[in-house]
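Novice:
In our numbering, the protein residues as written are 143 to 544.
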């Protein structure tokens with residue numbers, strides 16, 4: 143876009159293609175170049191002093207740790223897409239979670255953490271924040287505005303993740319945020335499932351939005367990257383904490399994420415289309431008890447998802463009917479297209495067994511049988527269905543032989 147105010151008049155898909163690009167600053171290059179830089183030279187002492195002005199610490203290129211034109215371009219783009227004030231990049235999604243939490247609490251404070259949170263976030267609260275004198279209480283993801291009764295005078299953070307990790311409950315973010323703000327707490331959200339494109343978190347009262355950009359923003363399973371987007375009042379506290387902790391992102395990672403961002407909407411549209419096709423087929427299978435996917439009309443969180451989200455990603459859960467561990471493993475091992483691996487959000491399909499019951503303390507997770515997590519990639523959905531059909535055949539054979 144040639145004019146600074148151009149972002150206000152264009153639709154989101156157009157913005158994805160243009161945000162963060164400033165060809166006039168790079169000899170007309172369409173994409174921001176990759177700046178590999180630690181030392182940034184100043185022409186003279188006056189320029190040196192100007193760059194070290196504390197009020198401009200995060201606004202100018204002064205040292206590689208604090209950002210380069212490459213990282214600034216990505217930060218500008220993702221903040222604008224989600225509707226936040228500014229963004230900052232971290233080395234991973236977990237680094238983004240931990241830096242955001244540390245920026246908001248001190249010894250003696252209290253955190254309300256959703257019971258269906260990403261496992262490493264729970265681990266950080268229990269193993270690190272506890273040692274720092276910060277208490278954590280876990281709450282039912284479906285609590286809504288009833289969270290007000292859990293607020294304490296020292297509650298500083300209400301942490302949400304919607305849909306929930308592994309179990310995919312949809313939270314009423316607006317209701318939770320209203321209750322949190324009434325009590326003087328900030329709302330931090332892991333918004334990775336939806337990406338900045340499918341859930342406008344700041345319109346629902348979120349103060350700090352956290353992403354594992356490793357997933358859909360990058361989209362190609364080849365970069366570790368995190369991002370934090372904030373409101374104006376939360377930017378300096380979080381950005382300062384991240385810098386004080388030494389967090390930064392590599393320029394090559396930022397470049398790959400920028401390239402992934404340009405096709406985010408196209409990829410998400412295909413992920414959703416494929417995931418719906420596979421999920422609907424799974425609902426018809428005799429081996430399946432439940433499909434945990436808010437985009438399905440039968441899902442308990444569907445109406446809330448339809449109200450708040452602009453679409454669905456390709457990640458969902460499946461609860462099988464009773465089956466042995468050996469039978470489930472035989473099913474997974476028989477799959478050809480579904481990879482067995484951590485993470486998700488790339489172009490390829492993945493599958494893993496999950497154990498949601500192991501990470502619950504405020505609520506009890508019960509299921510009829512083993513649970514799986516599927517990420518549906520960009521392959522032809524019919525091929526994925528046929529692959530899963532082959533897997534179910536091996537599950538039945540293994541079960542019969544047991």
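C-beta: ideal position from N, C-alpha, C; glycine also. Note that the structure is predicted; figures quoted are calculated from it, not measured.
1. Could you spell out the range, first to last residue, of the alpha helix (DSSP H) harbouring residue 156?
2. Return the CA-CA distance between residue 401 and residue 226, expressed in angstroms with no decimal places.
3. Using a 10 Å radius around the Cβ and a threshold of 16 neighbouring Cβ atoms, would you call residue 389 buried or exposed?
4. Are the beta-carbon atoms of residue 332 and residue 239 separated by less than 8 Å?
5. Taking 8 Å as the threshold (beta carbon to beta carbon), is residue 491 in contact with chain C?
6. Can the beta-carbon of residue 286 be found less than 8 Å from the beta-carbon of residue 319?
7. Tell me the residue span of the alpha helix (DSSP H) that contains residue 377.
8. Measure the beta-carbon distance from residue 329 to residue 360 and round it to whole angstroms, keeping in mind my assumption that it falls under 8 Å.
9. If distances are taken between C-alpha atoms only, which option among 378, 309, 256 and 533 comes closest to residue 196?
10. Classify residue 335 as buried or exposed, calling it buried when 16 or more other Cβ atoms lie within 10 Å of its own Cβ.
11. Per DSSP, which residues does residue 368 bridge with? Please list them.
12. Note down, in chain order, each residue of its chain lying with its Cβ closer than 7 Å to the Cβ of residue 528, except the 5 sequence neighbours on either side.
13. Using beta-carbon positions only, say whether residue 434 and residue 534 come within less than 8 Å of one another.
14. Would you grab the beta carbon distance between residue 465 and residue 512 for me? Rounded to a whole angstrom, and I think it's under 8 Å.
15. Would the segment 360–371 count as touching the segment 177–186 if we require 3 or more Cβ pairs under 8 Å?
16. In angstroms, rounded to a whole number, what distance separates the CA positions of residue 246 and residue 380?
17. At the level of alpha carbons, what is the spacing between residue 349 and residue 188?
18. Quick test of your reading: residue 297 and residue 317, contact by CB under 8 Å. State the CB separation rounded to the nearest angstrom.
19. Helix, strand or coil, according to DSSP, for residue 493 in the structure here?
20. Specify the secondary structure class of residue 545 as computed by DSSP and reduced to three states.
21. Hey, could you find the ends of the beta strand (DSSP E) residue 277 is sitting in?
22. Using CA atoms only, rank isn't needed, just tell me which of 153, 223 and 248 is closest to residue 277.
23. So for residue 254, helix, strand or coil by DSSP?
24. Between residue 532 and residue 357, what straight-line distance do the alpha-carbon atoms span, to the nearest angstrom?
25. Any idea which residues DSSP pairs residue 187 with across the strands?
26. Where do the N-terminal and C-terminal ends of the beta strand (DSSP E) with residue 297 fall, by residue?
27. Using a threshold of 8 Å, state whether the C-beta atoms of residue 407 and residue 489 are closer than that.
28. Which two residues bound the contiguous beta strand (DSSP E) that contains residue 332?
29. For the beta strand (DSSP E) containing residue 533, name the first residue and the last one.
30. Looking at the strands, I want to know which residues DSSP matches up with residue 180.
Specialist: Checking against the coordinates, here is how it stands:
1. 154–160
2. 21 Å
3. buried
4. yes
5. The structure shown contains no chain C; it is built from a single protein chain.
6. no
7. 374–386
8. Not really, about 25 Å apart at Cβ, beyond 8 Å.
9. 378
10. buried
11. 232
12. none
13. no
14. 6 Å
15. no
16. 8 Å
17. 37 Å
18. Actually they do not touch by this definition, with Cβ atoms about 16 Å apart.
19. strand
20. Outside the shown range of the chain (143 to 544) lies residue 545, about which nothing can therefore be said.
21. 277–281
22. 248
23. strand
24. 28 Å
25. Bridge partners of residue 187: none, in fact.
26. 297–303
27. no
28. 328–332
29. No beta strand (DSSP E) holds residue 533; the alpha helix (DSSP H) holding it covers 523–543.
30. Paired residue(s): none; residue 180 is not in a bridge.
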